[in-house]
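Written below as structure tokens is the structure these notes are about.
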Amino acid sequence: MLRRRLNRWFSGEERRVDSRTIYIGHWPCPGTDTFIPPKFCDNRIVSSKYTVWNFLPKNLFEQFRRIANFYFLIIFLVQVIVDTPTSPVTSGLPLFFVITVTAIKQGYEDWLRHKADNEVNKYLVNVLENGGSVRKESEKIKVGDIVEVLEDETFPCDLILLQSSRDDDTCFVTTASLDGESNHKTHFTVPDIQRDLDSLNANIECEQPQPDLYKFVGRMNIYKENQDSAVRSLGPENLLLKGATLKNTKKVYGVAVYTGMETKMALNYQGKSQKRSAVEKSINAFLIVYLCILISKALVCTTLKYVWQSHPGHDEPWYNHKTQKEKDTNLYLKMFTDFLSFMVLFNFIIPVSMYVTVEMQKFLGSFFISWDKDFYDPEIKEGALVNTSDLNEELGQVEYVFTDKTGTLTQNNMEFIECCIDGFQYNYRDSRTELDGFCTTDGPISKLHEKAGREKEELFLRALCLCHTVQVKESLQADGVDEVDGVDGVDGNPSSSPEQCCYIASSPDEVALVKGAMKYGFTFMGMESKTMKIQNRSEEIEEYELLHVLNFDPVRRRMSVIVKTKRGEIFLFCKGADSSIFPRVRLEEVERIRMHVDRNAMEGYRTLCVAYRQLSQEEYKRANAGLVEARLALQDREEKLGAVYDQVERDMKLIGATAVEDRLQEEAAETMEALHGAGMKVWVLTGDKMETAKSTCYACRLFQRNTELLELTVRTLEEGGRKREERLHELLVDYHKRAVQDVPRDKDNVTNVCRSWSTGVQEFGFIIDGATLSLVLNARSEASTSHYKSMFLQICQNCTAVLCCRMAPLQKAQIVKLVKNSKGSPITLSIGDGANDVSMILEAHVGIGVKGKEGRQAVRNSDYAIPKLKHLKKLLLGHGHLYYVRIANLVQYFFYKNLCFILPQFLYQFFCGYSQQPLYDAAYLTMYNICFTSMPILAYSLLEQHICIETLLEVAPLYRENAKNAMLRWHPFLYWTVLGIFQGLVFFFGVHHLFSNPALQDNGQVFGNWTFGTIVFTVLVFTVTLKLALDTRHWTWINHFVIWGSLAFYVFFSFFWGGIIWPFLKQQRMYFVFANMLSSVSAWLIIILLIVISLLPDILLVVIRHPQGPAPRQKKPGQSNAGGVRSPRSSARPLLLRTFSEEYNTVL
């Protein structure tokens, strides 16, 4: 045993990293000398970030990554260790408050994630053990367990299907939460499995876990007594994925092959990382600047102190002799200690309380999203949900929107619109109208005018009833409505079937076509033992033997069935995209149909062409032999099947075409147009077929009629008969030349990719599929990969819209990451409604979950959740815009008011011999940021509306003003800094000039240094508060209460603090200082005068920029005098400068 383990550790022979062996039921197979059960991970799903044990260290580490938090921790330790002029409480208390509030908020959010995980992990499932069924929690399932799953239950892990309750050994599943498709997919049991699973002796050899949902390779070895072991090939058709739901099957049994975080669904999840907003990065940059200012101040004061003390009598005056200990102290150590003391004295220039206010603003501000009545959806009786409040301001900075298609852009509800038979259009909705010169009729076939010929009409409808993979499910409900498709099985002709039924299929458009045929009198009744039954318009039952199904694939873009009539005739019915069908039929037939197909495609409908071919017995024998041989092949099975399909699907006759509509979400097109108008670029990332996705993009107006589509898919790579990589390079170079190099640029040498409705500039749309994306991202050489990525990204960035189809969930995340890390680091947003969208939701800067019909995985892992796509418009253009403006002004204001606060303290050192004497009392130092100036800016950052939200929604270009973090760039930061320096100089030297007159009191007594500091502090508090009042546009009673209440509280506190002798204070510095100060008329005068002088530059700038007359208020928002849409202002200009300016859309 020891030798076996040593060999496993030190040799690579037994370490099989490319495959795993699973013993079904944990039984060792015959011939195994020593059975060592392999170890696999358990079935727990973990989406939370913290545990009870690592919460404290991990959360503290994340919080102290913030420069301000780490800085104040150092300052606090310095105050504790070194004798400094201020108490450690002045920095320790605010720091403790910040850390505690943030930890509680983040801990609560992670507790919600733990709660969601427990719902999944504690879910009870049935596991076969010792001949019976045992109820177990989902997290206790182990690899090799045989699990029982009932109808409408979700698979708890990845299973190999062993047994089904259906007679044909199949089961139906929906994978809406995985790939976004809510249609039914058929899976098959492993052939020749005995019914008694307890006595099954077999093992499975399969690949190691990998994230591709559509790929699985394995084999099963079945052992029976006195017989050779049988080997069965396993593919994706045998694999039931975690997250999928069992449908139309009473129960199935499967063996667990991948569990927990090794399931394909979990592997497609991106790891949770701490998302940090662009505002927080700007704060850190500004903090570095202010930290440099702080260090400079401390160095200057330390240097000047020792220069001043070098003069005779200054170092040791007669009234302050040094002790022997002070004389023996090392000079350099004393200089370093003085430097730290100055750092502590000036440390309030770093606004640690800003983090408290920002956290409170984000947390409280998120409730406005939850409370917004416009986000309430009466259908699901829910509103918006905020899972993470740290990214509110990012909603106002989005440049790229990545959206899922199924369930997000569309309702995934296909509806049959019309059909064309032999050139004649049949529209069920309209009656007796002429369109394009073709006859339009409605109703059952019996009412038609026989324009297309009765024989062709019935042949076309039979093709719709036979060429599909639809299954019939008898409804148990009284109304006969299927809970998946939601449509009556006998809709349109209630007398055509004696029983109520409903349809399920692997594609929703197949159901729509079958129901469309039903409207015209032909009803598909179901299939029994390879016999398909249809009811014609005469209510007669026709039976056809299903011989073969030639499945759809994205390269062929068509599917076919071969059926046999009771008379022995063999027909091949084929349906597919026009580009796939037209080359295989006669030209004269194409001309009669093409006009209808083109018109329907332009209207955004999904079009399919229908053709047929009658096969002779010899032709069928050859086709059957080829199909059987290809399906038994283990190598290159798809290529061999494709070659046989190609031989059979030729020389067909075109019958007609269909038009099916995939209904869009409510206001989907209007929402996409608003996002385009706001300067955002929309990319559609979907696992659906290209044709369906393209039609949706046209319907959503992402692609226009004049949009030139650049297609980079498997089909275009296979054109020309060249190697794929050579063709890929050729297409990328061609598309790059057309979309990037040959496009005119504006005066800033930037390509204009915003949609222009009137100019003749060519618009481009880009289409790529998952297989081609893999070639782009994983070329043979690293240099080629880098080159392809660069060209691909440049092409996409110069297109008005991008469609990525047939995407695996992890590929969606790769696309988002590619754009997110591109030049300029644009802010990205991902929106989706299924588990297949979780990866891109986690990867993007902002993740939005839609509360759709595909489960709540996306909602649980998103930052924000909304009921419908239409709500995204208000979330971004309304709430996002306002959140960004509010927090940007909050950040700038905090730095400004703290610079005003600490600059007089720095100037005071030049007049006190650099003795580290504080200008302000310790109570004022502590209360300034916590009480006196915190509430007004918090109320402003929660309630301010510089533009009313209705205007923001109507004038989408207003959103562009804040692009690229405009209000937190260096230019506005410099303005606020200069303003703070100016006002700080006015505060100090204005009061200093007042003190040049020694007699300021009526009794002739002079004011002391604490009165000097109190006057400066009074002017400071009133000035910074009134400045915020000038900046406030949207006044509410809360604003009035906190602004005037804060000023009143300061006055009250000063009287109270100075009116009592406090026993816990060694020195009563402030006793009656404030009252005596206000007894001087000169003090009143200087306070009022300095406040006016400090605010005068802002008022003058506002007056200069104020337009004359009331006319601008009557203009439409965003309209210039010429009537063109323009940006009303530059948001980089501080809000104060716009207080009374041309803001005609102000909320009063």
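With our numbering applied, the sequence shown covers 856 to 2003.
Even for Gly, the Cβ is constructed at its ideal location relative to N, Cα and C.
Predicted model only: the values in this text are computed from it and were never measured.
Item checked: Residues that Gln1390 bridges to, as DSSP identifies them -> Residue 1390 sits at position 535 when you count from the first residue of the sequence shown. Answer by DSSP bridge pairing, in chain order: Thr1378 and Ile1396.
Check: Under 8 Å between the Cβ atoms of Val1674 and Tyr1255?
Finding: The count along the sequence shown starts at 1 and reaches residue 1674 at position 819. The count along the sequence shown starts at 1 and reaches residue 1255 at position 400. Contact flag set, yes.
Next item on the list: Taking 8 Å as the threshold, find out whether the segment 1524-1540 comes into contact with the segment 1811-1824 through three or more Cβ pairs.
Entry: yes
Next item on the list: Kindly provide the ranges of any beta strand (DSSP E) runs that are 3 or more residues long and lie completely inside the segment 1761-1806, ordered along the chain.
Entry: none
Checklist line | Cα-Cα separation, Leu1567 to Ile1696 | finding: In the sequence shown, the residue the question calls residue 1567 occupies position 712. In the sequence shown, the residue the question calls residue 1696 occupies position 841. Near 25 Å, if we compare the C-alpha coordinates of Ile1696 and Leu1567.
Next item on the list: Determine contact between the segment 1784-1794 and the segment 1880-1897, defined as no fewer than three beta-carbon pairs at a distance below 8 Å.
Entry: With the cut-off at 8 Å, the segment 1784-1794 and the segment 1880-1897 touch.
Check: Got a sec? Which residues, its chain only, sit under 7 Å from Leu1572 by beta carbon, not counting five neighbours each side?
Finding: Here residue 1572 refers to the residue found at position 717 when the sequence shown is read from its first residue. So the qualifying residues of the chain are Arg1579, Arg1582, Leu1583 and Thr1627.
Next item on the list: Answer yes or no: do Lys1102 and Pro1011 have a C-beta to C-beta separation smaller than 8 Å?
Entry: Along the sequence shown, one-based indexing puts residue 1102 at 247. Along the sequence shown, one-based indexing puts residue 1011 at 156. No, the Cβ-Cβ distance between Lys1102 and Pro1011 is not below 8 Å.
Check: What are the start and end residues of each continuous alpha helix (DSSP H) run of 4 or more residues lying completely inside the segment 1517-1602, in chain order?
Finding: 1523-1532, 1545-1554, 1569-1572 and 1579-1591
Next item on the list: Locate the beta strand (DSSP E) running through Cys1464, then write down its first and last residues.
Entry: For the purposes of this step, residue 1464 is taken as the residue at position 609 of the sequence shown. Element bounds for Cys1464: Arg1461 to Leu1470.
Notebook entry, point to check: Can you check whether the CB of Glu1522 is closer than 8 Å to the CB of Lys1725?
Noted result: Walking along the sequence shown from the start, residue 1725 turns up at place 870. Walking along the sequence shown from the start, residue 1522 turns up at place 667. Yes, these two residues count as a Cβ contact at 8 Å.
Checklist line | Complete runs of the beta strand (DSSP E) confined to the segment 969-1053 [at least 3 residues] | finding: 979-984, 987-992, 1001-1005, 1013-1019, 1025-1030 and 1036-1043
Check: So who's on the other strand from Leu1405, going by DSSP bridges?
Finding: In the sequence shown, residue 1405 corresponds to position 550, counting from 1. Paired residue(s): Ser1415.
Notebook entry, point to check: The beta strand (DSSP E) with Ile1686 in it runs from where to where?
Noted result: Taking the sequence shown and counting its residues from 1, the one referred to as residue 1686 is at position 831. Note, Ile1686: beta strand (DSSP E), Thr1683 to Gly1687.
Notebook entry, point to check: According to the neighbour-count rule (16 or more other Cβ atoms, all chains shown, within 10 Å of its Cβ), is Ser1694 buried or exposed?
Noted result: Residue 1694 sits at position 839 when you count from the first residue of the sequence shown. Per the 10 Å Cβ criterion, buried.
Item checked: Sequence-distant residues of its chain with Cβ nearer than 6 Å to Thr1891 (five each side left out) -> Within the sequence shown, the letter at position 1036 stands for residue 1891. Cβ neighbours of Thr1891 beyond the five flanking positions: Leu1798.
Margin query: Could you check whether the segment 1501-1514 touches the segment 1208-1227, counting it as contact only if at least three pairs of C-beta atoms, one from each stretch, sit closer than 8 Å?
Written below: no
Margin query: My output table needs one value for Asp1886: the three-state DSSP class, helix, strand or coil.
Written below: Position 1031 of the sequence shown, counted from the start, is the residue given in the question as residue 1886. Three-state result, Asp1886: helix.
Next item on the list: Determine, using beta carbons only, whether Ile1622 and Lys1549 come nearer to each other than 8 Å.
Entry: Locating residue 1622 in the sequence shown gives position 767, counting from the first residue. Locating residue 1549 in the sequence shown gives position 694, counting from the first residue. A contact, by the Cβ cut-off of 8 Å.
Item checked: Spatial neighbours of Gly1278 in its chain, beta-carbon cut-off 6 Å, leaving aside the 5 residues before and after -> Within the sequence shown, numbered from 1, the residue matching residue 1278 stands at position 423. Contacts found: Arg1447.
Check: By a C-beta neighbour count over all protein chains shown, 10 Å radius and 16 as the cutoff for buried, is Asp1023 buried or exposed?
Finding: Taking the first residue of the sequence shown as 1, we reach residue 1023 at position 168. That one is exposed.
Note to self: Can you give me the C-alpha to C-alpha distance between Ala1432 and Glu1365, rounded to a whole angstrom?
What the structure shows: The sequence position of residue 1432 within the sequence shown is 577, counting from 1. The sequence position of residue 1365 within the sequence shown is 510, counting from 1. Near 13 Å, if we compare the C-alpha coordinates of Glu1365 and Ala1432.
Item checked: Whole-angstrom distance between Phe1842 and Gly1768, CA atom to CA atom -> Your numbering for residue 1768 matches position 913 in the sequence shown. Your numbering for residue 1842 matches position 987 in the sequence shown. If I take the Cα positions, the gap works out to 20 Å.
Next item on the list: Give a yes or no on whether the C-beta atoms belonging to Thr1059 and Leu1142 are separated by under 8 Å.
Entry: Locating residue 1059 in the sequence shown gives position 204, where the first residue counts as 1. Locating residue 1142 in the sequence shown gives position 287, where the first residue counts as 1. One point to set straight first is that residue 1059 is Ile, not Thr, in the sequence displayed. No, the pair does not count as a contact, with Cβ atoms beyond the cut-off.
Check: Quick one: is Leu1990 buried, meaning 16 or more other Cβ sit within 10 Å of its Cβ, or exposed?
Finding: Position 1135 of the sequence shown, counting from 1, holds the residue named residue 1990. Confidence at Leu1990 is low in this model, with a pLDDT of 35, below 50, so its placement is unreliable and the value that follows should be read with caution. Flag for Leu1990 reads buried.
Check: Does the distance from the CB of Arg1661 to the CB of Gln1800 come in under 8 Å?
Finding: Position 806 of the sequence shown, counted from the first residue, corresponds to residue 1661. Position 945 of the sequence shown, counted from the first residue, corresponds to residue 1800. Their beta carbons are not under 8 Å apart, which means Arg1661 does not touch Gln1800 by this criterion.
Checklist line | Between the CA atoms of Val1631 and Lys1644 - distance to the nearest angstrom | finding: Taking the sequence shown and counting its residues from 1, one reaches residue 1644 at position 789. Taking the sequence shown and counting its residues from 1, one reaches residue 1631 at position 776. Approximately 6 Å between the Cα atoms of the pair.
Item checked: Inter-stretch contact (C-beta, 8 Å, three-pair minimum) for the segment 1474-1482 and the segment 1372-1388 -> no
Next item on the list: Counting only runs of 3+ residues fully inside the segment 1896-1951, write out the beta strand (DSSP E) ranges in chain order.
Entry: Taking 3 residues as the minimum length, the segment 1896-1951 contains no beta strand (DSSP E) run wholly inside it.
Check: From Lys991, Arg1087 and Gln1063, pick the residue whose C-alpha is nearest to that of Asn898; which is it?
Finding: Residue 898 sits at position 43 when you count from the first residue of the sequence shown. Nearest C-alpha to Asn898: Lys991.
Checklist line | Rounded separation between Ser1796 and Thr906 - CA only | finding: As a position in the sequence shown, residue 1796 is number 941, starting the count at 1. As a position in the sequence shown, residue 906 is number 51, starting the count at 1. So the two alpha carbons sit approximately 33 Å from each other.
Notebook entry, point to check: Is it right to say Asp1245 is buried, meaning 16 or more other beta carbons lie within 10 angstroms of its own, or is it exposed?
Noted result: Looking up residue 1245 in the sequence shown gives position 390. Answer is buried; the Cβ neighbour count reaches 16.
Check: For Lys894, which of helix, strand or coil comes out of DSSP?
Finding: Here residue 894 refers to the residue found at position 39 of the sequence shown. Of the three classes helix, strand and coil, the one that applies to Lys894 here is coil, per DSSP.
Next item on the list: Using three-state DSSP, classify Val1657 as helix, strand or coil.
Entry: Within the sequence shown, the letter at position 802 stands for residue 1657. DSSP, reduced to helix, strand and coil, places Val1657 within a strand of the structure shown.
Notebook entry, point to check: Would you report the Cα separation of Phe1197 and Arg1715, rounded to the nearest angstrom?
Noted result: For the purposes of this step, residue 1197 is taken as residue 342 along the sequence shown, with counting starting at 1. For the purposes of this step, residue 1715 is taken as residue 860 along the sequence shown, with counting starting at 1. Approximately 49 Å between the Cα atoms of the pair.
Notebook entry, point to check: Is the number of C-beta pairs between the segment 1728-1739 and the segment 1225-1232 that are closer than 8 Å three or more?
Noted result: Touching, yes, given that three or more Cβ pairs across the two stretches are closer than 8 Å.
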